[in-house]
Ligand SMILES: Nc1ncnc2c1ncn2[C@@H]1O[C@H](COP(=O)(O)OP(=O)(O)OP(=O)(O)O)[C@@H](O)[C@H]1O
Ligand SMILES: Nc1ncnc2c1ncn2[C@@H]1O[C@H](COP(=O)(O)OP(=O)(O)OP(=O)(O)O)[C@@H](O)[C@H]1O
Ligand SMILES: [Mg+2]
Ligand SMILES: [Mg+2]
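Below, the structure is given as structure tokens:
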């Protein structure tokens, strides 16, 4: 069998820093190859080269036995390579169907550049059904949620009739159920003989899905082996260069009885209904649910970003009614949003400026609100060490040049600087590698141990089970279940999130 | 967008290159002429820089200058002013001119923050309205006879230098050293992230339009003092020059990027080009053509330099 | 000072040729272009070097340009000021440098200690006379006329003078002309055409139109034609037309018998007077602060007699 | 059951806010002067914005890609200046037309070349070519007004099937532009490039080609607008086309086009914007309002229009918010 794709000595540097060194490996035809590595290992960069987005400094590729050197993403697409990017690449102002066919619309007639609407709608409907998205093809993408957009992105790759599909962390916005659905789709693709490259930080998924696993470390291939010979532990050891004995750090603190955040009957018509719970000092409270269950909306309401028609939120006994986010921040609330690109970071701004943005009012000297540069510099250093941000990056570097995982660390870190009492974390480990994930869990636990309350929204049930003191399950805007550690169970959480009523 | 230091170098290079050819270009007198010409423009440009960093735009600045100039004239003029000859005429006039700018800036700010009207069209309508108003209240007449106490601001170059330099310095310090400045850049980079991070987006936006109006008012004081007239047409055709100077100085029209230093050199660059071409004695239309070419060449230098840098690593 | 070298050009034995800076505020209309050319021709005819610049409507730039002349040590300056008042600092600067300055077509406001010579036409008066002639024509038709005035840029002092002159003339003539439309043009031909079309829409029976500048006539004529109202003098349905400036278009319309009257500013006279005033000052002669171009109204009755002094007639022939 | 009906009617009105406002303006003027509502005036209201409207159509393409073209007025001027010279030189009309369009296209291509090839900001490039073009135009015309012969005027007054030619040209350009933007791959790619160039490139769009094309289209429209303007006022003065870019941008933005790209439409948006501005001027002249009040009233109405539009967007966003669950009658 001829190898479908061969990398030979691919090398790439950014501003003098080598991010890929002599990468060589083979993706056999019809197989699924998993690529794993820490944040910043160079996975996305390699894929960008494959997808024609970046040009390698050195090395070459071979696809289907022919030299393959795409000059643009269009070249890659024409060669039969589709790319699901790590960051969503959709156009909110266009319809779903248009997003699917943007690179090559079918024409009404050969000589007439007129979009064959009926045909693209039909085909879009077909691919949307494949990924189980019940929207009309002419729905604008801006009306979709993050998870739904991810599915559209996948449908887009399918629609290109590609022979090789690259999936760069496709499950980051998907909940367990949708991820399963995606895996089923990938299974069908493999049966059709399509090669897949699958990048994920969820190593369990990688082992389940892939035939081969390639491990990258610091831009170099450190191992390639058939998946069935591997375990998560071995992969992790290769990735980080040392053994990691456990995925979740041990608990040090215990929840106390002091109520920090008291949510009572929070209701907003059409969004959330009579949501009540209490978050105690030192507690990590999980919030699970399906995509679109309303968890993010609840977080935004609690933070004062969205209106709240009825009910009350009390922080340390004081009502937050009608307070703007700024005031809530001052009183000790923090919100790590789920979409770091849109709500979390100023991508063009420097790392330093992003880190200090929240805490700035505390780093100024009145009365002119003069920024105390020395204090700010120290704070940045302190917090960078606390979250172990990659030391390679300078403070003056734009955040967008960081790898996804490091970007997420910046988002977390900017809140830490403010030392809040209550953290609302919306998918804080999305797109983060095991090592960094461990550190973020450790950070979360440290926060709890110091007496802060953490409300952790996550779509990964394992993560919630491994970390939380209690788990709330949300469905259609309501809290449907509250599970104590003794009863932690994947099945039960899923059931509550799906449909069966379980006694609260 | 050019980088600010590149514009500084371009200014210098241009000056050195043209000095032997343009008679009197390097003379002290001529430098004073250039300075007197660019100071009022610099002040408006500084205010506009802030708005552009925010990710907005203010097309009404030049019309505010016209109205503020008229207001100053109506108050101070010895011929027809309300406070003609009064001891307080000059201070009241100055405050009123600044106040006019601030007030109109507040109107823009409200339209943008409360009315949620896109800044371009909001300030375009204020531009039309305000310049129409300035001409209407004066019925097109210019107001002369301004008191000497006021004209000093324009006649003594160092006073104008002090005012404009001070204004630029305040903006520079505010932008680079204060909470307000950091917030401004954050909003320009990403409003949504800024809002989540607790930045009072509405207030900062509103405040920036007010400040821009204030700078326009200050510019009006300089313009009025230099030209010794309350003029409803003051700076009417300067809008594109002002926006162009700011953009050439490295400020992005999309927000989040820009410095006062860059704006200073942007304004200087355009003034040097204008002045040198006049000295060369080119005809009216040749000057316009050459000016376009020089701007384009400057932009070309910038991009090729960036490309060379990126390529050479 | 430069006046140490009196009247050298006339003798042709100059030790150093004179240089004169000519600065125009704008070249927006044919009139200014003709003036600019006339002055340059006049200067060149006397072997004087010319430096030119145009401020393109910007008073601040104009001030800079005049200072640039001073930097270049010109011997005299001819200026079309942006307006009567913003030019005062420029005149002061010239005064301080001891360089004589003559204003072309627009006077400066009186100000203490500021010396300049202005060669001007009285826009308001000349317009009044032109419109008065038109009113007289109207009266002879024996019926009442509805009138429209096309005004210029409201920021332009001359436009205002002409607007005022128009109203001066029609005042008290309500029995003959009733003003029903005032169309702003901002000195823009397209705007003028749209405005005239709209006004004709509102008042189809308008039969008296005064245009604040002749250069707007192509627009007005196009509008009249589209309403089928463009007829020769004497023909039934003729619209009484009057203008100001005396440019080539107006001359053509006069010759063809469509235009009733236009107020002519005598460009050649003004240009020559400007240059002469400058030379006289250099020669140390006393020059009055205002030299008046009386101008004249040209109409069908005096066309042959006056056309020699109508600049538009010369431009048209060229 | 009346509440939902009233609500949906309210929504309908809101959705058509710009049309409602337009109708309001027309009605107000109509009530104040019967001359305003005559059919002949309707044709005036459509003819007069034709040249600005065509300019705004081209500008809409550019704005949709988050660019801007400040040189359109200069392009108009250069094309008209050369066209005028040729007409006076006795060229046949068709030839002049072709040359003018060619000039517009080439000028647009020059802008596009600098913008795409050297990645210079469109604002800077077109500001520079604006100066250049105005200078060139003045040079060609020797800063004199050029009066064109009768034939030009006849063109402006000509009718095809009873429709005045300028309206026909305007309508044709609008229809073609609308179809191109909504129905062709290129049009949809314009929207994608405006929303996010980088993402569009990753999606396989030839972003440079798209950007190049929009500036060429804009240049073409500018030349066409110059033609129509000439047929209206058959003269090229030194101010021909000056500051027209602002009116074009205002018309497009008034019609809902975003300056940040990706949002807007030629029809009805930009067309309505251009016509609304002209309607106000038309009404004011018919009512013989004091000239000094024109800018005040015009800007006031535009302000109200955009305020209404902003409110509309907010209300609609509120109404169309995602519902996680459907409220059952309590
Ligand atoms: N455009 C760029 N400019 C500068 N540096 C870059 C750029 N893109 C990537 N890098 C750097 O290259 C390295 C590899 O990044 P890459 O995105 O490939 O990592 P990754 O393996 O995909 O990480 P993650 O798992 O977090 O997505 C990182 O250190 C990153 O900071
Ligand atoms: N159909 C939709 N229309 C418009 N916006 C939506 C839609 N669905 C989701 N969103 C928005 O997208 C964001 C993410 O929604 P998501 O689907 O992730 O649902 P969630 O339950 O709020 O969060 P999570 O995915 O964490 O469960 C939310 O902030 C929401 O406002
Ligand atoms: Mg990656
Ligand atoms: Mg969510």
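Protein chains in written order, with my numbering: chain A, 2 to 505; chain B, 16 to 328; chain C, 461 to 778; chain D, 99 to 428. Every residue, glycine too, gets a C-beta built ideally from N, C-alpha and C. Since we're looking at a predicted model, the values are computed, not measured.
Review point. Taking 7 Å as the CB-CB limit, is residue 128(A) close to chain D?
Key: no
Point to revise | Minimum Cβ-Cβ distance from residue 295(A) to chain D less than 7 Å | key: yes
**Study point:** Within the region 55-80 of chain A, ranges of the alpha helix (DSSP H) (whole runs, at least 4 residues)
**Key:** 74-80
Exercise for review: Specify the secondary structure class of residue 633(C) as computed by DSSP and reduced to three states.
Suggested key: coil
Review point. Would you report the Cα separation of residue 184(B) and residue 50(B), rounded to the nearest angstrom?
Key: 17 Å
Check your understanding: Which residues mark the beginning and the end of the beta strand (DSSP E) in which residue 442(C) is found?
Key -> Given that chain C is displayed from residue 461 to residue 778, the structure contains no residue 442(C) and the question cannot be resolved.
Exercise for review: Could you tell me if residue 259(D) is buried or exposed, where buried requires 16 or more neighbouring beta carbons within 10 angstroms of its beta carbon?
Suggested key: exposed
Review point. Taking the C-alpha atoms as reference points, what is the distance between residue 347(A) and residue 294(D)?
Key: 16 Å
Practice item. Please go through the same chain and pick out, in chain order, the residues whose beta-carbon is closer than 8 Å to the beta-carbon of residue 105(B), but skip the five residues on each side of it. Key: 91, 162, 164, 165
Check your understanding: Since residue 758(C) contacts residue 766(C) with CB under 8 Å, what's their CB separation in whole angstroms?
Key -> 5 Å
**Study point:** DSSP state of residue 759(C) mapped onto helix, strand, coil
**Key:** strand
Practice item. With a floor of 3 residues, list each beta strand (DSSP E) that falls wholly inside the region 498-585 of chain C, ordered by position along the chain. Key: 509-514, 536-539, 561-564, 577-581
Check your understanding: Can you tell which of 25(B), 101(B), 243(B) has its C-alpha closest to the C-alpha of residue 568(C)?
Key -> 243(B)
Point to revise | Presumed contact (8 Å Cβ cut-off) between residue 225(B) and residue 121(B), rounded CB distance | key: 5 Å
Review point. Can we say the region 275-286 of chain D touches the region 364-372 of chain D, given the rule of at least three CB pairs closer than 8 Å?
Key: yes
Review point. At what residues does the beta strand (DSSP E) containing residue 19(A) begin and finish?
Key: 18-29
Practice item. Would you be able to state if there are at least three C-beta pairs under 8 Å between the region 275-290 of chain A and the region 449-465 of chain A? Key: yes
Check your understanding: Name the DSSP bridge partner or partners of residue 26(B)?
Key -> Paired residue(s): none; residue 26(B) is not in a bridge.
Exercise for review: Quick one: using the 10 Å Cβ neighbour count with 16 as the cut-off for buried, is residue 307(D) buried or exposed?
Suggested key: exposed
Review point. Pick from 112(A), 214(A), 99(A): whose alpha carbon is nearest that of residue 286(D)?
Key: 99(A)
Check your understanding: Can you list, in chain order, the residues of the region 114-126 of chain A whose Cβ is nearer than 9 Å to any Cβ on chain D?
Key -> 114, 115, 116, 118
Review point. Which bits of chain A does residue 282(D) rub up against, with CB to CB less than 7 Å?
Key: 114, 115, 116
Review point. Are any of the Cβ atoms in chain A nearer than 7 Å to that of residue 230(D)?
Key: no
Practice item. For residue 52(B), name the three-state secondary structure that DSSP assigns. Key: helix
Exercise for review: Kindly indicate which three-state DSSP category residue 272(B) falls into: helix, strand or coil?
Suggested key: coil
Practice item. Can you grab the Cα-Cα spacing for the pair residue 108(B) / residue 358(D), in whole Å? Key: 39 Å
Review point. Looking at the structure shown, is residue 357(B) part of a helix, part of a strand, or coil, going by DSSP?
Key: As shown, chain B starts at 16 and ends at 328. That puts residue 357(B) outside it, with no answer to give.
Review point. So the alpha helix (DSSP H) residue 303(A) belongs to, where does it begin and stop?
Key: 296-303
Practice item. Could you tell me whether the region 506-516 of chain C touches the region 558-567 of chain C, using the rule of 3 or more Cβ pairs below 8 Å? Key: no
Review point. Per DSSP, residue 313(A) forms a beta bridge with which residues?
Key: 265(A)
Point to revise | Proximal residues of chain D, C-beta to C-beta of residue 146(B) below 8 Å | key: 393
Exercise for review: Anything in the region 293-307 of chain D with a Cβ closer than 8 Å to a Cβ of chain A? List those residues in chain order, please.
Suggested key: 293, 294, 297, 298, 299, 300, 301, 302, 303, 304
**Study point:** Closer than 6 Å: residue 42(A) CB and nearest ligand 1 heavy atom
**Key:** yes
Check your understanding: Can you tell me where the beta strand (DSSP E) with residue 227(A) in it begins and where it stops?
Key -> 221-227
**Study point:** Cβ of residue 216(D) within 7 Å of any chain B Cβ
**Key:** yes
Check your understanding: Would residue 484(C) count as contacting chain D if we go by Cβ distances under 7 Å?
Key -> no
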